[in-house]
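*Asks:* Its first residue numbered 7, the sequence shown is counted upward by one per residue in the numbering used here.
Note that CB positions come from ideal geometry on N, CA and C, so glycine has one too.
Since we're looking at a predicted model, the values are computed, not measured.
Structure incoming, see below.
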Amino acid sequence: MQHVEKIGDLLHTLQDFYSHSNWVEMGKTEINPHIGIQENIGRIAEITQATCSSVGCKKIQSKCNLIQKFIIKTCPMEYYECKDNILDEINKQGILTSGYMSNQFTDKGEPIVKPTNVQKCSHGSVMDKTSHQVPIGGINKDAMTSMFSPHYYLHSSIRSRGY
């Protein structure tokens, strides 16, 4: 059973690359040929390089049901629908980026914090506190609803491509 779990972990990591990065927004329709082959998976945004803006993100507020109140603990729920919030020059130059998310930690247990001095993307979702920091919103495509994925409208295209 351990081998099956390891394979599942590896496949989930691959799926996360496509759902959490701007690969699809760059217009890529094929898999990244460098993943699993080379350590260099492509050109990656510099830590000081802006990658996102708030333009194209719309704030959504909705009431919570009892379960959502218990899980999310913030009602009404606030999340974003975003289109074209990744900077044009990032996608046109083929620069990979992903989004910061609250509750992320390094291998040493130190928190990973979204910088405030440069416009970096957030992961985004009703659960992601960084999505409320400028630039607002996010870029994830994990789900078919904007409550969990600001780029929800790209979820089906990722799924249909097998990533």
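Does the segment 150-164 come into contact with the segment 106-121, if we say contact requires no fewer than three beta-carbon pairs (one atom in each stretch) closer than 8 angstroms?
*Replies:* Contact between the segment 150-164 and the segment 106-121 is absent, because fewer than three Cβ pairs lie under 8 angstroms.
*Asks:* To which residues of the same chain is I101 closer than 6 angstroms at the C-beta, ignoring the five residues directly before and after it?
*Replies:* These residues qualify, in order along the chain: R49 and A51.
*Asks:* Apply the 10 Å Cβ neighbour rule to L17 and answer buried if 16 or more other Cβ atoms are within range, or exposed otherwise.
*Replies:* Its Cβ having fewer than 16 others within 10 Å, L17 is exposed.
*Asks:* Using DSSP's beta-bridge definition, name the partner residues of Q158.
*Replies:* Per the sequence shown, the amino acid found at residue 158 is Tyr instead of Gln. Its beta-bridge partners do not exist; DSSP assigns none.
*Asks:* Would DSSP call S60 helix, strand or coil?
*Replies:* Coil, per DSSP.
*Asks:* Can you say whether E87 is buried or exposed, counting buried as having 16 or more other CB atoms within 10 angstroms of its CB?
*Replies:* Label assigned to E87: buried.
*Asks:* Give the DSSP bridge partners of K65, in chain order.
*Replies:* Answer by DSSP bridge pairing, in chain order: Y86.
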